[in-house]
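This report refers to the structure that appears directly beneath it.
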Amino acid sequence: MSDSVLDFYEGLAEEYHLLFADWEQSVDRQGAVLDALLRRSGMPPPRRVLDCACGIGTQALGLASRGYAVHATDLSPSAVARAEREARAMHVSITTGVADMRMLDWQVPGTFHVVMSCDNAMAHLLEDSDLDDAATAMASRLVPGGLLVASLRDHTALLEKRPRFTAERVLDTPLGRRVLFQVWDWAVDEKQYTVRQFILRQESGIWHTTEHTGVYRLLQPVELEQALTKAGLVDPRWYTPEETGFNQPLITARKP
Numbered sequence: 001m002s003d004s005v006l007d008f009y010e011g012l013a014e015e016y017h018l019l020f021a022d023w024e025q026s027v028d029r030q031g032a033v034l035d036a037l038l039r040r041s042g043m044p045p046p047r048r049v050l051d052c053a054c055g056i057g058t059q060a061l062g063l064a065s066r067g068y069a070v071h072a073t074d075l076s077p078s079a080v081a082r083a084e085r086e087a088r089a090m091h092v093s094i095t096t097g098v099a100d101m102r103m104l105d106w107q108v109p110g111t112f113h114v115v116m117s118c119d120n121a122m123a124h125l126l127e128d129s130d131l132d133d134a135a136t137a138m139a140s141r142l143v144p145g146g147l148l149v150a151s152l153r154d155h156t157a158l159l160e161k162r163p164r165f166t167a168e169r170v171l172d173t174p175l176g177r178r179v180l181f182q183v184w185d186w187a188v189d190e191k192q193y194t195v196r197q198f199i200l201r202q203e204s205g206i207w208h209t210t211e212h213t214g215v216y217r218l219l220q221p222v223e224l225e226q227a228l229t230k231a232g233l234v235d236p237r238w239y240t241p242e243e244t245g246f247n248q249p250l251i252t253a254r255k256p
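The UniProt record's numbering numbers the first residue of the sequence shown as 1 and each following residue consecutively.
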């Protein structure tokens, strides 16, 4: 995991909500979806949850509002600070910290019933050693019987299509119009891809453009399963978006 990952999320922290038509509505919806999954898995509130790739709090705040005791951490100090502000604004209680998901075993004290990493965050672990370190660290923060939850893009389908450009979205908001699109660049060996997120905002009739660049590993389901199994977790299970209502495939695995 290079400095570019930190730079990506540091730069995106104050604009991340702009990627959604209604970010607060998405917080509520994703909280409901994950709550249903955790209840189905025997982890109802007030279970302790570690969201170790919390970003600005999209999943952490949704779960906390449903009674979970959430500790939200991220590599990006700016993202964590934004999550804290949003929690206060929503009158939701969470605790926070800055931590690298590869180092949770010594950066985050205590253990949790659930350790979570959503929004394709684990695909930033470009090397096998990074993936193994993160899986081991996440497993170390689980209580016996605890549940790991992670989501990934459907990289199998993406590899077949190898998109270069995502269709634009035009959002009309009380603060002005936004146009969102991405440009994708694929590595020659097809093991990594770079996503350039463009945000165009219209304010007082003037257009402003920002660009944020993230590098991802084409992490396949079997590779993640192998890393979780190597970390001592058992019973890996994948859930499709059609099963859960979440926007990406989800995997769960348990600590014996």
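Ideal placement from N, C-alpha and C gives every residue a C-beta, glycine not left out.
Values in this document were obtained by computation on a predicted structure and should not be read as measured data.
Check: Contact belief for Ala121 with Ala64 at Cβ below 8 Å, rounded distance in angstroms; Outcome: No, Ala121 and Ala64 are not in contact; Cβ-Cβ is about 19 Å, not under 8 Å.
Check: Host alpha helix (DSSP H) of Met90 (start-end); Outcome: 77-90
Check: 8 Å contact criterion, which Asp119 and Ser151 should meet: CB distance rounded; Outcome: 6 Å
Check: Ser204 in three-state terms, based on DSSP; Outcome: coil
Check: Through-space distance from Glu86 to Thr95, alpha-carbon basis; Outcome: 12 Å
Check: Sub-8 Å separation of Pro249 and Val234 beta-carbons; Outcome: no
Check: Simplified DSSP assignment, three categories, for Arg162; Outcome: coil
Check: DSSP beta-bridge partners of His71; Outcome: Leu50, Thr95
Check: Pairwise C-alpha distance: Ser117 and Val80; Outcome: 14 Å
Check: Close Cβ partners of Thr194 (< 6 Å) along its chain, the five nearest in sequence each way excluded; Outcome: Asp185, Val215
Check: Beta-carbon gap between His113 and Arg29 smaller than 8 Å; Outcome: no
Check: Assigned secondary structure, Gln248 (DSSP; H/G/I helix, E/B strand, else coil); Outcome: coil
Check: Sequence-distant residues of its chain with Cβ nearer than 6 Å to Tyr9 (five each side left out); Outcome: Ser76, Ala79
Check: Proximal residues to Tyr239 (C-beta, below 8 Å), its chain only, five neighbours per side dropped; Outcome: Leu37, Phe246, Pro249, Leu250, Ile251, Thr252
Check: Residues near residue 269 in its chain [Cβ-Cβ closer than 8 Å; skip 5 each side]; Outcome: As shown, the chain starts at 1 and ends at 256. That puts residue 269 outside it, with no answer to give.
Check: Proximity of Val98 and Tyr68 at Cβ, strictly below 8 Å; Outcome: no
Check: Val108 versus Val70 - alpha carbon distance; Outcome: 13 Å
Check: Ala227 beta carbon near the ligand MG (any heavy atom closer than 7 Å); Outcome: Ligands are entirely absent from the displayed structure, and the ligand MG is therefore not among its contents.
Check: Classification of Asp100 by the beta-carbon crowding that lies within 10 angstroms, buried from 16 upward; Outcome: buried
Check: Same chain only: Cβ atoms within 7 Å of Thr166, ignoring 5 sequence neighbours per side; Outcome: Phe181, Gln182
Check: Endpoints, alpha helix (DSSP H) assigned at residue 258; Outcome: Here the chain has residues from 1 to 256 only, and residue 258 is not among them.
Check: Per-residue DSSP class, three states only, for Arg141; Outcome: coil
Check: For Ser41, the first and last residue of its enclosing alpha helix (DSSP H); Outcome: Here Ser41 belongs to no alpha helix (DSSP H), and DSSP marks it neither H nor E.
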